[in-house]
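Top to bottom, those sequences are chains A and B. If you count the first sequence from 1, position 175 lands on 175 in the UniProt record's numbering, and the numbers rise without skipping. If you count the second sequence from 1, position 166 lands on 166 in the UniProt record's numbering, and the numbers rise without skipping. A virtual CB, placed ideally from N, CA and C, is assigned to each residue, including glycine. What you are looking at is a predicted structure, and each value in this text was computed from that prediction instead of being measured. Have a look at the structure below before the remarks.
There are 2 protein chains.
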Amino acid sequence: MVSRMADIPTELQERTAPTLEAVAKRAGVSPITVSRVVRQPGIVSDDTRLRVEAAMRELGYVPNMVAGSLASARTRLVGVLVPTIANSIFADTVQGLSEVLEPLGFTVILAQSGYDDAREEKMLAALLSRRPEAIIMVGAPATPAGAEMLRRARIAVVETWELPAAPIDAAAGFDNHAAGVEVARYFAKAGRRRLAFVGGDDRRAEQRWLGFLEAARAAGLDDPQRVSVTRGAGAGAATVVLTEAPDADAVFAANDAYAIALLSAMRRADLLGPLGSPQPVAVVGLGDLEMGRLFAPALSTIRVHGVAIGRTAAELALDPTRPRRVDLGFELVLRESG
Amino acid sequence: MVSRMADIPTELQERTAPTLEAVAKRAGVSPITVSRVVRQPGIVSDDTRLRVEAAMRELGYVPNMVAGSLASARTRLVGVLVPTIANSIFADTVQGLSEVLEPLGFTVILAQSGYDDAREEKMLAALLSRRPEAIIMVGAPATPAGAEMLRRARIAVVETWELPAAPIDAAAGFDNHAAGVEVARYFAKAGRRRLAFVGGDDRRAEQRWLGFLEAARAAGLDDPQRVSVTRGAGAGAATVVLTEAPDADAVFAANDAYAIALLSAMRRADLLGPLGSPQPVAVVGLGDLEMGRLFAPALSTIRVHGVAIGRTAAELALDPTRPRRVDLGFELVLRESG
DNA sequence: TCGGCGAATGACAGCGCTATCATTCCAGAA
DNA sequence: TTCTGGAATGATAGCGCTGTCATTCGCCGA
């Protein structure tokens, strides 16, 4: 906390940050006028405004939004709760919602649940204690208590990356079950017979698996094999597919990172065919990471636009008149991997 | 903002969230006692505490930290400023610092500069207006005005991912210049003659380039070729190395994403040797993404522990007695790619 | 018996701002 | 000249908490 005191005129070396009142005194106006210069400069005369702005500059005044929020009951805060931000598609969603929120003067407060229900509940309470004007989260609250807190808060709540039948308030996502269905149908149509699924066990992965299973059955195939990987084990864990489902001729990975890890392991095991011809084992991911597009073989995937989910979630959070349930859809993108 | 009013007893259907005072009334104590139950339960008698806790539960009381922060001048907020959170190594750092901060009751407020100096300054002001107890940012402030705001705020400021000679307050990172030097030296020792560098032009990439250039010269090599990619163009842009520096026999990519994109393009162009033997064109990345480790050929890289940077930054932010400049170092990890 | 002390609880003021209403002032209409 | 009304500015009262005393009360030792 070094500070170059020399840069600041002696009379301004306060221990505490300058307040509205200090600025007002210096400019010879009342505090409320300073407040107006900050929030609605238009209604202050040019002469006064200039004097106040000069005083603010001289003092290095930074408005205290904590006080402002308390007085106005508007925090301009949006709480964001994700399972994890590291190495994940959710980072795109946070990016997308920030893009919408920041220009409007909203600040994002971020919390991570680590896929842990108890922790999610705790983080929800922590977020709510900051009195955000909206909460945007990945998925629906895992616990009834969490859902109840959210309802009582009487603020906008947007659930993302899935589409609950009855969202607490709003939802922006896609049908994970349908994504699983689409992949299984595609595999069946492409003549694949022994399907496998690799993914975690959060609700979204579960829905993908269920859709995948049902569609495989409907197509008259044997039940796909399900390979579970613990979250937090990293994408590398997905390579166990090679030992746990060695006979599979088509694998649906719950996300692109798993899919790429798997393809890399397959290359190493010399299980990949030449580029340009059909692969002996088809692999389809989900998420459409840029890396997947660049990869060789280029990864087939369920494209989901994480950034758009974020943007839409932000818009739903801010505008209560918009339809409360937005399906951003998905798209099976076929490339070289299967 | 649907709400199941039916779930809540009629007398509790308030339009506004319950306050300390409401809880106090219901429990038959004074507001300050309720405050104590929340903050230091130990000093309240069991009997009273139980009554208050019951009242809080019944009312669904969630403390208002906005008011609490104003009254106590402690916000328990930490501002985090990153260039971008999407698809980036900085997500790991945010993860790391959250791990330290959250259990201590701190909340992260997040802002992105988008590698834009003016926007960085704006976001810094926005962050500061929330009165965080510390600011953790990637790099040093880009503008003097930004640095000045930070200094005047008299809070902990931690710069990360680089090690400024004179940080505003504290820094947790590594020597980007030295990383460039190490890679060039390694390439020279390995007999590579025509080096290339691909990266953006932020200060950290610049330092890596400078170190790379100097060490190449010192080793008696021709000046490496520098291939610049615009930020935001995505990792795919790194593949232009193949056309802009077709003769290079060793490439240092400013981050692993670029390196992986490049290797993928090389495979597609059939420029990769068989796994297990030295590659015709060596590629070294920076960051040690899990994906690089899994990739075939496994990516050689400058390992930098983004999570540790975040954790350390959080510790520096909270403890002013710790040494203010922590070099987390880096490590050249040689794998199959070069 | 009584003073003294620690444990438990409370009263009061104020954090830095904003909502709301009041006041001042002057141009233009009557 | 007087009156009216809009533009500009100000006074006042909180927002929901917490810091800082002050008070109460039961219990112990002298």
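Reduced DSSP category for residue i - H, G, I as helix; E, B as strand; rest coil
i, result
"phenylalanine 330 of chain A", "coil"
"phenylalanine 106 of chain B", "coil"
"valine 181 of chain A", "helix"
"arginine 208 of chain B", "helix"
"leucine 271 of chain A", "coil"
"serine 35 of chain A", "helix"
"glycine 139 of chain B", "coil"
"valine 62 of chain A", "coil"
"leucine 77 of chain A", "strand"
"isoleucine 8 of chain A", "Low confidence applies to isoleucine 8 of chain A: its pLDDT is 40, below 50, so where it sits in the model is not reliable enough to give any reading."
"arginine 226 of chain A", "strand"
"threonine 321 of chain A", "coil"
Sequence-distant residues of the same chain with beta carbon closer than 6 Å to residue i, five excluded per side
i, result
"alanine 298 of chain B", "Arg335 and Glu336"
"alanine 179 of chain B", "Arg208, Ile302 and Phe330"
"valine 34 of chain A", "Leu20, Val23, Ala24 and Val52"
"residue 406 of chain B", "Residue 406 of chain B lies beyond the range of chain B shown here (1 to 338); nothing can be said about it."
"alanine 215 of chain B", "Val181, Ala184 and Arg185"
"alanine 6 of chain B", "In this prediction, alanine 6 of chain B scores a pLDDT of 37, lower than 50, which makes its location untrustworthy; no coordinate-derived value is stated."
"aspartate 223 of chain A", "none"
"alanine 250 of chain A", "Phe187, Arg192, Leu195 and Ala282"
"proline 63 of chain B", "Val38"
"arginine 231 of chain A", "Tyr115 and Gly200"
"alanine 248 of chain A", "Arg194 and Ala196"
Residue closest to residue i, alpha-carbon to alpha-carbon, out of the options
i, options, result
"valine 82 of chain A", "A/Leu50, A/Glu121, A/Arg76 and A/Ala71", "A/Glu121"
"glycine 310 of chain A", "A/Arg51, A/Val78, A/Ala27 and A/Met266", "A/Val78"
"threonine 107 of chain B", "B/Val29, B/Ser113 and B/Glu99", "B/Glu99"
"asparagine 87 of chain B", "A/Leu318, A/Met291 and A/His177", "A/Met291"
"aspartate 270 of chain A", "B/Arg267, B/Leu275 and B/Ala27", "B/Leu275"
"glycine 191 of chain B", "B/Asp202, B/Thr230 and B/Gly220", "B/Gly220"
"aspartate 201 of chain A", "A/Arg154, A/Arg268, A/Arg293 and A/Val229", "A/Val229"
"alanine 55 of chain A", "A/Ser69, A/Ala67 and A/Val37", "A/Val37"
"arginine 293 of chain B", "B/Val307, B/Leu316, B/Ala248 and B/Val333", "B/Val333"
"serine 113 of chain B", "B/Gly96, B/Ile85 and B/Gly60", "B/Ile85"
8 Å CB neighbourhood of residue i in its chain, flanking five on each side removed
i, result
"alanine 65 of chain A", "Correcting the residue type first, residue 65 of chain A is methionine in the shown sequence and not alanine. So the qualifying residues of the chain are Thr75 and Arg76."
"arginine 130 of chain A", "Thr75, Leu77, Gly79 and Ile109"
"glutamine 279 of chain A", "Leu272, Gly273, Pro297, Glu336, Ser337 and Gly338"
"valine 29 of chain A", "Thr48, Arg51 and Val52"
CB contact check: residue i to chain B, cutoff 8 Å
i, result
"threonine 84 of chain A", "yes"
"phenylalanine 212 of chain A", "no"
"phenylalanine 295 of chain A", "yes"
"serine 129 of chain A", "yes"
"leucine 101 of chain A", "no"
"methionine 1 of chain A", "Residue confidence is low: methionine 1 of chain A scores 32 on pLDDT, short of 50, so the model does not pin down where it sits. No coordinate-derived value is stated."
"serine 95 of chain A", "Checking the displayed sequence, the identity of residue 95 of chain A turns out to be glutamine instead of serine. Judged by the 8 Å Cβ criterion, glutamine 95 of chain A is in contact with chain B."
"threonine 10 of chain A", "The predicted model places threonine 10 of chain A with a pLDDT of 41, which falls under 50 and marks its position as unreliable, so this point remains unresolved."
"glycine 200 of chain A", "no"
Neighbour flag for residue i against chain A, beta carbons, 8 Å
i, result
"alanine 63 of chain B", "The residue you asked about is not alanine; residue 63 of chain B is proline in the sequence shown. By this cut-off, proline 63 of chain B is an interface position."
"glutamine 279 of chain B", "no"
"aspartate 319 of chain B", "no"
"glutamate 206 of chain B", "no"
"arginine 267 of chain B", "yes"
"threonine 75 of chain B", "yes"
"methionine 137 of chain B", "no"
"aspartate 327 of chain B", "no"
"glutamine 112 of chain B", "yes"
"leucine 271 of chain B", "no"
"residue 339 of chain B", "Beyond the ends of chain B as shown, which are 1 and 338, falls residue 339 of chain B; an answer cannot be given."
Cut-off 7 Å between Cβ atoms - residues of its own chain near residue i, not counting five sequence neighbours on either side
i, result
"aspartate 117 of chain A", "Ala142 and Thr143"
"alanine 245 of chain A", "Ala196, Gln225 and Val227"
"methionine 149 of chain A", "Leu124, Ala125 and Leu128"
"phenylalanine 295 of chain B", "Ile260 and Leu263"
"glycine 146 of chain A", "Glu120, Glu121 and Leu124"
"leucine 210 of chain B", "His177 and Gly180"
"arginine 204 of chain B", "Gly139, Trp161, Glu162 and Asn176"
Cβ pair count under 8 Å reaching 3, the segment 155-166 of chain B against the segment 134-146 of chain B: yes
Taking one C-beta from the segment 225-240 of chain B and one from the segment 251-262 of chain B each time, how about it: are there three or more such pairs within less than 8 Å? yes
Give a yes or no on contact between the segment 317-329 of chain A and the segment 159-178 of chain A, applying the rule of three or more CB pairs nearer than 8 Å. yes
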